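**Q** Okay, here's the structure, questions in a sec.
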Amino acid sequence: MKGYPIPLVPGPVSVPEAIRAAYGIDFGSSDMEGDFFDLYGDVEGKLQDLLDTKNDVVIQSGEGMLALWGALKSALAPRSRVLAVAAGVFGYGFAEMARSLGHDVAIVGFEYDEIPDVERVVERIEAYRPDLVTAVHCETPSGTLARLDGIGHAAREAGALFCVDFVSSGGGVPLSVDGEAIDLGLLGSQKVLSLPPDLAVTTVSDRAWEAIGRVGYVGYDALAPWKEVPACRLLPYTHNWQALEALRLSLEALAAEGKEAVFERHRSVAARCREGLRALGVELHPREEAFCSPTVTAARVPQGWSWSDLDGALREEGLVCGGSYGPLEGKVFRLGHMGSQARPELVDKALEVLGKRLRRL
Ligand SMILES: *Cc1c(COP(=O)(O)O)cnc(C)c1O
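Throughout the sequence shown, residue numbering follows the UniProt record's numbering, covering 1 to 361 in sequence.
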């Protein structure tokens with residue numbers, strides 16, 4: 001495959017050389033070596049710091065979607081009541097997933113260029129009395145960042161678990177798993193953490209472990225076996241040691257830079273991206289600028305262009321970015337400035353290329 005000098009796909013992001021180095025190490029068997037479990041514990045602690053939680057953190061082979069399926073299947077008894085908070089492809093997708101598993105699903109829905117209205121969400125939780133509430137922090141296809149503001153506490157009061165997909169925001173945006181009362185927090189390795197799509201990360205609260213124990217789901221994506229992994233040092237399958245070492249390197253680099261500095265880097269790069277697009281006359285997709293995520297910017301495909309023509313023109317200039325999905329397909333394109341791609345010089349180059357090609361039309 002051809003490489004691109006200006007990579008701005010909103011995940012998987014480009015993997016820095018220092019992280020790639022971990023994949024060249026000839027580790028032994030994760031099942032047999034104590035060193036592996038020491039590394040697992042070390043990485044779990046670093047993820048707890050990053051996500052501000054005392055909850056257990058499960059690290060499975062897979063990527064973001066594995067964490068979504070694993071959480072739903074593990075924590076929901078047959079015919080549970082699920083309330084999906086939806087303002088985009090992943091929010092409505094969560095509802096579809098829960099329905100396909102045979103649950104009773106209600107949606108508190110919003111437009112794809114909005115973020116959920118917390119008051120309306122809390123009212124629905126109180127009225128519907130769900131077993132589990134799903135929400136999406138960053139709706140990557142819409143370029144929006146939701147405010148969770150007390151949804152988790154309302155869910156807890158109603159006796160529901162709160163399951164949040166922060167796959168494309170976790171690590172790049174201030175977020176406290178414990179502060180927001182998140183019972184199941186879902187993260188993938190290929191976004192802010194800047195690894196290949198190798199690992200699924202799930203934070204699991206005590207309440208969630210209780211539900212998981214009651215449900216007793218068994219399967220490759222099941223969370224249950226991971227409760228005992230750190231203490232018993234037994235894995236349900238051979239783990240990806242190289243990826244776990246790569247994750248350690250990534251988390252070490254984030255900690256060395258400092259969480260606040262990492263958040264500020266994402267915030268300022270996103271602001272620079274929005275300002276540059278506006279200067280080129282490109283319209284942002286989210287209805288209000290306050291809805292925009294610091295990790296990805298979504299904009300309308302400019303008039304006179306199709307997404308495939310724009311994509312082709314930008315690739316000729318060495319820039320690869322993302323289209324969008326669902327109702328936004330063909331209408332919205334996205335610059336993913338998360339993790340290794342949250343760099344001002346990268347966004348500047350992208351804006352220069354975009355300006356050049358838009359002027360040419
Ligand atoms: C990327 C992403 C996922 C996971 O999708 P993958 O298939 O692992 O790439 C889930 N939710 C959101 C919001 C995402 O951005």
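A virtual CB, placed ideally from N, CA and C, is assigned to each residue, including glycine.
Predicted model only: the values in this text are computed from it and were never measured.
State buried or exposed for P344, treating a residue as buried only when at least 16 other CB atoms are found within 10 Å of its CB.
**A** It counts as exposed.
**Q** From which residue to which residue does the alpha helix (DSSP H) around R214 run?
**A** Counting along the chain, the alpha helix (DSSP H) containing R214 begins and ends at 206 to 215.
**Q** What residues sit near ligand 1, counting only those whose C-beta is closer than 5 Å to one of its heavy atoms, in chain order?
**A** That query returns the following residues: G11, E63, G64, M65, F90, T140, D165, V167, S168, G188.
**Q** Would you call R124 buried or exposed, if buried means 16 or more other Cβ atoms sit within 10 Å of its Cβ?
**A** Buried.
**Q** Do G143 and C321 have their C-beta atoms closer together than 8 Å?
**A** No, Cβ-Cβ distance for G143 and C321 is not below 8 Å.
**Q** Buried or exposed: which applies to E139, given that a residue is buried once 16 or more other Cβ atoms fall within 10 Å of its Cβ?
**A** Buried, because 16 or more other Cβ atoms sit within 10 Å of the Cβ of E139.
**Q** Is it right to say I151 is buried, meaning 16 or more other beta carbons lie within 10 angstroms of its own, or is it exposed?
**A** It is buried - the Cβ of I151 has at least 16 other Cβ atoms within 10 Å.
**Q** Could you please give the first and the last residue of the uninterrupted alpha helix (DSSP H) stretch that includes I25?
**A** Looking at the DSSP string, I25 is not in any alpha helix (DSSP H), and its letter there is neither H nor E.
**Q** Taking the C-alpha atoms as reference points, what is the distance between V119 and A313?
**A** The sequence given here has Glu at residue 119, not Val. Between E119 and A313, the C-alpha separation is close to 44 Å.
**Q** If you compare alpha carbons, which of V164, L249, V85, L358 is closest to D117?
**A** Nearest C-alpha to D117: V85.
**Q** For a cutoff of 8 Å on Cβ pairs, would you count I151 as touching chain B?
**A** Among the chains in the structure shown there is no chain B, since it carries only a single protein chain.
**Q** Assuming A271 contacts H285 (C-beta within less than 8 Å), just tell me the rounded distance between them.
**A** At roughly 16 Å, the Cβ-Cβ gap does not stay under 8 Å, so A271 and H285 are not in contact.
**Q** Go through its chain and collect everything with a Cβ distance to residue 393's Cβ below 7 Å, but skip five positions before and after it.
**A** Residue 393 lies beyond the stretch modelled for the chain, which goes from 1 to 361, so this question has no answer here.
**Q** Bridge partners of S61, per DSSP?
**A** BP columns for S61 point to L199.
**Q** Helix, strand or coil: how does DSSP classify L145 here?
**A** In this structure, L145 counts as strand in the three-state DSSP scheme.
**Q** Suppose the cutoff is 8 Å on Cβ atoms and the five residues either side in sequence are ignored; what does the same chain contact list for A222 look like?
**A** Around A222: G70, K73, S74, P236.
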